[in-house]
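Each residue of the sequence shown is one higher than the one before, counting from 559 in this note's numbering.
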Amino acid sequence: SLVKTGTGELTLSGDNTYSGGTTISDGTLIAASVNALGSGDIDNSGVLKVGEGELKNTLFGSGSLVKTGTGVLTLSGDNTYSGGTTISDGTL
């Protein structure tokens with residue numbers, strides 16, 4: 559699993575295969591593509607910025623989602639997050 563803490567930004571730029579989910583306790587987690595996020599649910603209490611791909615992970619929590627980059631991001635998980643959704647670039 560991956561746990562993001564603190565108010566700063568953490569960028570995941572490569573493909574990751576970790577399992578056990580992702581927790582964003584605070585700050586911003588930036589993923590160039592969904593392949594950077596491993597497998598398992600994403601518990602977001604901060605900001606998740608994602609570039610492109612098919613996000614199959616379940617996204618929940620009070621945090622927000624920001625679509626970045628020129629590609630297409632598809633949300634196919636059982637998402638219940640309550641934060642805002644922003645499309646900075648590309649297609650969601």
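C-beta: ideal position from N, C-alpha, C; glycine also.
Endpoints, beta strand (DSSP E) assigned at residue i
i      : result
Leu623 : Ser622 to Lys625
Contact set for residue i: own chain, Cβ-Cβ below 6 Å, skip 5 residues either direction
i      : result
Ile600 : Thr580, Asn615 and Leu617
Ser571 : Ala590
Leu568 : Lys562 and Leu587
According to DSSP, residues forming a beta bridge with residue i
i      : result
Thr659 : The displayed coordinates of the chain run from 559 to 650. Any statement about residue 659 would go beyond what the structure contains.
Thr644 : Val624
Spatial neighbours of residue i in its chain, beta-carbon cut-off 7 Å, leaving aside the 5 residues before and after
i      : result
Gly573 : The residue asked about is misnamed: residue 573 is Asp in this sequence, not Gly. Around Asp573: Asn593 and Ala594.
Gly635 : Leu613, Lys614, Asn615, Thr616 and Leu617
Gly596 : Leu560, Asn574, Thr575, Tyr576, Ser577 and Thr580
*Entirely within the region 567-614 and at least 3 residues each: give me those beta strand (DSSP E) ranges in chain order.*
567-570, 580-582, 586-591, 600-602 and 605-613
*Stretch-stretch touch, CB-based, cutoff 8 Å, three pairs: the region 583-594 with the region 603-616*: yes
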